[in-house]
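Going by the numbering used here, the first residue of the sequence shown is number 5, and it counts up by one from there.
In this text, a Cβ means the ideal position worked out from N, Cα and C, and glycines have one as well.
Since the model is a prediction, treat every value here as computed from it, not as a measurement.
Accompanying notes for the structure given below.
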Amino acid sequence: MGLATKWTKSVFPLLAGLAFGIVATQIATRLRFPEKGAAPSLDIPKGAHEIHEIALAAFSRERTSSWSGSATEAVRSWFKTLAHPGFTAELRDVECRSHSCVAQVRWKDRNAALKDYVTLLAFDSQFILGCTSEIYLPETSRLPYEAEFILSNCGASSSKK
Numbered sequence: 005m006g007l008a009t010k011w012t013k014s015v016f017p018l019l020a021g022l023a024f025g026i027v028a029t030q031i032a033t034r035l036r037f038p039e040k041g042a043a044p045s046l047d048i049p050k051g052a053h054e055i056h057e058i059a060l061a062a063f064s065r066e067r068t069s070s071w072s073g074s075a076t077e078a079v080r081s082w083f084k085t086l087a088h089p090g091f092t093a094e095l096r097d098v099e100c101r102s103h104s105c106v107a108q109v110r111w112k113d114r115n116a117a118l119k120d121y122v123t124l125l126a127f128d129s130q131f132i133l134g135c136t137s138e139i140y141l142p143e144t145s146r147l148p149y150e151a152e153f154i155l156s157n158c159g160a161s162s163s164k165k
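Following this line, the structure appears as structure tokens:
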């Protein structure tokens, strides 16, 4: 069995499944706005937490590259452009490695996160790194509310790495 066959039969389905899961999470996760004055709620598809954990584990296995420093600064700069009265997310930290970044984001509470998360997911279409973006917003009463914003497959079609 050649290397290409092994890749196609073992690794490619795993990667394709992961990519589909991330995209499916973004598509299936939708914000619902209830009656005026009530807090928004989020439909989280089954398995979203597991998909998010897989993406975090993949990031932890990446090595730092020459792309890391400039990508980290690019994410920080992009985040600063989001500052406006309605956007309350605070970037606590960001780390980029060979082709992914993980940003630690904080809000005063989950309702604030539900109002801002769509702006974060727009990263892919707005920014030069060309990343796939995802965020998982678990239900918790812990304050302040924190979540990991993952940018993966950054620059996949370029030579920025």
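Given a cut-off of 7 Å on the beta-carbon distance, is the pair W111 and A93 in contact?
In the sequence shown, the residue the question calls residue 111 occupies position 107. In the sequence shown, the residue the question calls residue 93 occupies position 89. It is a contact, given that the beta carbons lie within the stated cut-off.
Per the DSSP calculation, D97 is bridged to which residue(s)?
For the purposes of this step, residue 97 is taken as the residue at position 93 of the sequence shown. Paired residues: Q108.
Can you tell me where the alpha helix (DSSP H) holding T76 begins and where it ends?
Position 72 of the sequence shown, counted from the start, is the residue given in the question as residue 76. It spans 70 to 85 - the alpha helix (DSSP H) in which T76 sits, taken as one unbroken run.
Would you say S102 and F63 are within 7 Å of each other, going by their C-beta atoms?
Working through the sequence shown from its first residue, we reach residue 102 at position 98. Working through the sequence shown from its first residue, we reach residue 63 at position 59. Against a cut-off of 7 Å, the Cβ pair of F63 and S102 comes out as no contact.
Just reading off the beta strand (DSSP E) that A151 is part of, what are its end residues?
As a working note, residue 151 is residue 147 in the sequence shown. Where A151 is concerned, the enclosing beta strand (DSSP E) stretches over 149 to 156.
For A87, count the other beta carbons within 10 Å of its own beta carbon; 16 or more makes it buried, fewer makes it exposed. Which is it?
The sequence position of residue 87 within the sequence shown is 83, counting from 1. Exposed: under 16 other Cβ atoms inside 10 Å.
Helix, strand or coil for E138 per DSSP?
For the purposes of this step, residue 138 is identified with residue 134 of the sequence shown, where counting begins at 1. Reduced to three states, the DSSP call for E138 is strand.
Taking only the alpha-carbon atoms, compute the straight-line gap between S69 and E99 and give it to the nearest angstrom.
Within the sequence shown, residue 69 is the residue found at index 65, counting from 1. Within the sequence shown, residue 99 is the residue found at index 95, counting from 1. Looking at the two C-alpha atoms, the distance is approximately 11 Å.
What does F127 pair with, by DSSP beta-bridge criteria?
Residue numbering aside, residue 127 sits at position 123 when the sequence shown is read from its first letter. Partner(s): none; F127 has no beta bridge.
By the DSSP assignment, the alpha helix (DSSP H) with S64 in it spans what residues?
Within the sequence shown, the letter at position 60 stands for residue 64. Its alpha helix (DSSP H) spans residues 52 to 65.
Could you tell me the alpha carbon to alpha carbon distance between K50 and L95, rounded to whole angstroms?
Mapped onto the sequence shown, residue 50 falls at position 46. Mapped onto the sequence shown, residue 95 falls at position 91. Rounded to whole angstroms, K50 to L95 spans 27 Å at the Cα level.
For P148, which residues of its own chain have a beta-carbon under 7 Å away from its beta-carbon, when the five flanking residues on both sides are left out?
Along the sequence shown, read from residue 1 onward, the residue named residue 148 stands at position 144. Closer than 7 Å at the Cβ level, and outside the excluded window around P148, lie R110, W111, K112.
Here's a check: name, in chain order, each residue in its chain whose Cβ is nearer than 7 Å to the Cβ of R67, leaving out the five neighbours to either side.
By 1-based counting over the sequence shown, the position of residue 67 is 63. Closer than 7 Å at the Cβ level, and outside the excluded window around R67, lie R101, S102.
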